[in-house]
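Chemist: Anchor point for the sequence shown: position 167 equals 174 in this note's numbering, and the numbering is continuous, going up by one each time.
Heads up, the beta-carbon is just placed ideally off N, CA and C, and yes, glycines get one too.
The structure displayed is predicted, hence computed values, not measured ones.
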Amino acid sequence: MDQLMKDIREAIWNHDAGKVKSLTEKAVGDGLDPGVIVNEGLVGGMNQLGEKFKSGEVFIPEILVSARAMAAGMAVLKPLLLQAGIRERGTIVIGTVKDDLHDIGKNLVMVMLEGAGFRLVDLGINVTSEKFLRAIEEHKPDVVGLSALLTTTMPSMKETTASIKAVYPGQKVIVGGAPVTEKFARDIGADAYGADGADAVDKVKALLSA
Ligand code: B1M
């Protein structure tokens, strides 16, 4: 891997937003592809941090400040990704379900989807099924994405999926988040399950070509 990508990852782990920004600008100046910078630098750094979290090497505050550092790099790349002529593949309305305040994973998934050329409408956290329905009416998305990080909010995911399907039977829904499984997704009537950002991109593409 390019040394610059390693430096970006390291700056993310050190939650050094200024350095992430300047290294990202340098990578752009060196002519590196923005998609590569996202995947190998920014998202790569956050994914590795997720692994360190799982093994108990880092804790919540580090994850939060690192996510902020990653956002500093994304702010540099976002206009380039959009203007790079990456074909807009479709619109995705996304949110974390009711009573759930976790959004780091959702935001990473959004970065990956945006990097893949989708337009994202982010409804944020603690999103009620009514709010999802209003957003579907307004944005007519190709896919709706639901994220849940708590076992206690998995019922919200089920209820939201059911509400969406009741009003918009043809609406494609993808779900994901740490406690969510492929089986749970199937059981609640979702169209797809995304294990992580890269998988969500593949599954959304598959949904749209089906
Ligand atoms: Co909370 N929390 N938290 N937390 N938190 C967990 C989830 C927990 C597992 C920690 C633990 O106990 N070991 C636990 C849940 C236990 C359970 O339900 N079985 C837990 C708890 C209990 C709580 C509180 C109840 C704690 C309390 O107050 N007593 C509370 C609940 C608040 C609420 O939501 N109502 C709470 C609060 C918080 C903070 C606010 C402090 C903070 C969230 C900040 C934020 O998100 N802005 C927080 C955090 C950071 C975590 C942990 C430490 C990290 C989550 C994270 O960001 N991971 C988490 C422990 C853990 O995960 N092991 C924990 C990194 C992120 C990159 O991964 O989110 O899994 P993840 O996203 C992945 C995939 O899941 C997937 O792709 C992402 C990228 O790879 N994915 C999708 C996610 N959404 C997707 C959608 C898709 C497709 C893929 O399609 C649409």
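Opposite serine 154 in the DSSP bridges: which residues?
Modeler: BP columns for serine 154 point to Thr103, Gly183.
Chemist: Report yes if the C-beta of isoleucine 67 is less than 7 Å from at least one heavy atom of the ligand B1M; otherwise report no.
Modeler: Correct: isoleucine 67 has its Cβ closer than 7 Å to the ligand B1M.
Chemist: Leaving out five residues on either side along the sequence, give the residues of the same chain with a beta carbon under 7 Å from the beta carbon of alanine 24.
Modeler: Once the five neighbours on either side are set aside, the close Cβ partners of alanine 24 are Arg75, Ala76, Ala79.
Chemist: For alanine 18, which residues of its own chain have a beta-carbon under 7 Å away from its beta-carbon, when the five flanking residues on both sides are left out?
Modeler: Closer than 7 Å at the Cβ level, and outside the excluded window around alanine 18, lie Lys26, Val27, Leu30, Ala76.
Chemist: Our contact map puts valine 100 next to proline 148 with C-beta atoms below 8 Å; I'd like the distance itself, whole angstroms only.
Modeler: Contact holds; Cβ gap of about 4 Å.
Chemist: Which runs of the alpha helix (DSSP H), 4 residues or longer, sit entirely within the stretch 121-177?
Modeler: Qualifying alpha helix (DSSP H) stretches, in chain order: 136-146, 161-174.
Chemist: Measuring from the CB of threonine 98, is there a heavy atom of the ligand B1M at a distance below 7 Å?
Modeler: No; taking the cut-off as 7 Å, the Cβ of threonine 98 has no heavy atom of the ligand B1M nearer than that.
Chemist: Glutamine 10: which of Asn114, Val35, Ile132, Gly48 sits nearest, CA to CA?
Modeler: For the residues Asn114, Val35, Ile132, Gly48, the minimum Cα distance to glutamine 10 belongs to Gly48.
Chemist: Could you tell me which residues DSSP pairs with threonine 98 in its beta bridges?
Modeler: DSSP, once it has assigned bridges, lists Arg126 as partnering threonine 98.
Chemist: What residue range does the alpha helix (DSSP H) around glycine 52 cover?
Modeler: Glycine 52 -> alpha helix (DSSP H) spans 50-61.
Chemist: By the 10 Å Cβ neighbour count, where 16 or more other Cβ atoms means buried, how is aspartate 110 classified, buried or exposed?
Modeler: Classification of aspartate 110: buried, given that the 10 Å Cβ count is 16 or more.
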